[in-house]
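Chemist: This is the structure, below, for whatever I ask next.
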Amino acid sequence: AFYGLKPSYAGTRAGFEAQQVGLDFTKAAKLEADNQVALLHKGIKDNPYIMFSEGNLAQYFYAKRNYDSAFFYARKSFKGLPKNAIHFAMISKLYANKGYYDSIIITNELINKEISVDISKIYFASMINFIDKVNDSLRAKVISQAIIAKENIPREKELQLMTDILIKGQED
Numbered sequence: 018a019f020y021g022l023k024p025s026y027a028g029t030r031a032g033f034e035a036q037q038v039g040l041d042f043t044k045a046a047k048l049e050a051d052n053q054v055a056l057l058h059k060g061i062k063d064n065p066y067i068m069f070s071e072g073n074l075a076q077y078f079y080a081k082r083n084y085d086s087a088f089f090y091a092r093k094s095f096k097g098l099p100k101n102a103i104h105f106a107m108i109s110k111l112y113a114n115k116g117y118y119d120s121i122i123i124t125n126e127l128i129n130k131e132i133s134v135d136i137s138k139i140y141f142a143s144m145i146n147f148i149d150k151v152n153d154s155l156r157a158k159v160i161s162q163a164i165i166a167k168e169n170i171p172r173e174k175e176l177q178l179m180t181d182i183l184i185k186g187q188e189d
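Residue numbering for the sequence shown follows my numbering, starting at 18 and increasing by one per position.
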């Protein structure tokens, strides 16, 4: 007995019924997800300019580990609104998953000419993780970008910390 409860047929039956409810819930969740995906596709047709649906589809497929579809929608949302930090974060995450670390650097250069704090935070956070995986010229470029960001955005403590890690990590 466990805490005074005795196993019984009724308990087994209740467990079976709970399992059935769980299976029904799983089916309902899949149907709901399918409906949401259909609505997001409809949203692309209804308003192809805001890239909301494309960004959400990228996140949905990433969560489902369907990286090809996630990459497709991330590219679409990023090309539609390239200076959106959320789109930049998703495309960077997918580049990192594929080992395309140089693409993160190139993409940042294309969109972050006027330094955006949000995009810079995402960029430098990812570069802290991947700086050792890029060649020397790209590494020097990241360090140079970190120095420029450090000088131009002195009030952002998180950004200052990330740039310090990149700059001082290279000096040690």
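We put the CB at the ideal spot given by N, CA and C, even for glycine.
Give a yes or no on whether the C-beta atoms belonging to HIS2 and LEU111 are separated by under 8 Å.
Modeler: No answer is possible for residue 2: it lies beyond the span of the chain, which begins at 18 and ends at 189.
Chemist: Relative to the C-alpha of TYR79, which candidate in THR180, ALA113, ILE145 has its C-alpha closest?
Modeler: Checked all of THR180, ALA113, ILE145; the closest Cα to TYR79 is ALA113.
Chemist: Just to confirm my understanding: we take SER109, look at its own chain, exclude 5 residues before and 5 after, and list those with CB closer than 6 Å. What are they?
Modeler: Scanning its chain for C-beta atoms nearer than 6 Å, with the 5 sequence neighbours on each side dropped, one finds around SER109 the residues ILE121, SER143, in chain order.
Chemist: Between LYS150 and TYR118, which are expected to be in contact by the criterion C-beta below 8 Å, what is the C-beta distance as a whole number of angstroms?
Modeler: 5 Å between Cβ atoms; contact.
Chemist: State yes or no: is the C-beta of LYS100 within less than 8 Å of the C-beta of SER133?
Modeler: Yes; because the gap between Cβ atoms is below 8 Å, this pair is in contact.
Chemist: What residue range does the alpha helix (DSSP H) around LEU127 cover?
Modeler: Unbroken alpha helix (DSSP H) run through LEU127: 118-128.
Chemist: Could you please give the first and the last residue of the uninterrupted alpha helix (DSSP H) stretch that includes VAL134?
Modeler: First-last of the alpha helix (DSSP H) with VAL134: 134-147.
Chemist: Assuming ASN125 and TYR140 form a contact by the criterion Cβ under 8 Å, report the distance between their Cβ atoms to the nearest whole angstrom.
Modeler: The Cβ separation is near 5 Å, so the contact holds.
Chemist: LEU176: buried (16+ other C-beta within 10 angstroms of its C-beta) or exposed?
Modeler: buried
Chemist: Which residue comes first and which comes last in the alpha helix (DSSP H) that contains MET68?
Modeler: MET68 -> no alpha helix (DSSP H), and no H or E assigned at all.
Chemist: To the nearest angstrom, report how far apart MET179 and ASN146 are at their CA atoms.
Modeler: If I take the Cα positions, the gap works out to 11 Å.
Chemist: Beta-carbon within less than 7 Å of GLU71's beta-carbon, same chain only, minus the 5 sequence neighbours each way: which residues are those?
Modeler: ILE61, TYR90, LYS93, SER94, GLY97
Chemist: For LYS185, does the three-state DSSP call read helix, strand or coil?
Modeler: Note: LYS185 maps to helix in three-state DSSP.
Chemist: Nearest-angstrom Cα distance between ASP181 and ALA102?
Modeler: 22 Å
Chemist: For LYS81, which of helix, strand or coil comes out of DSSP?
Modeler: coil
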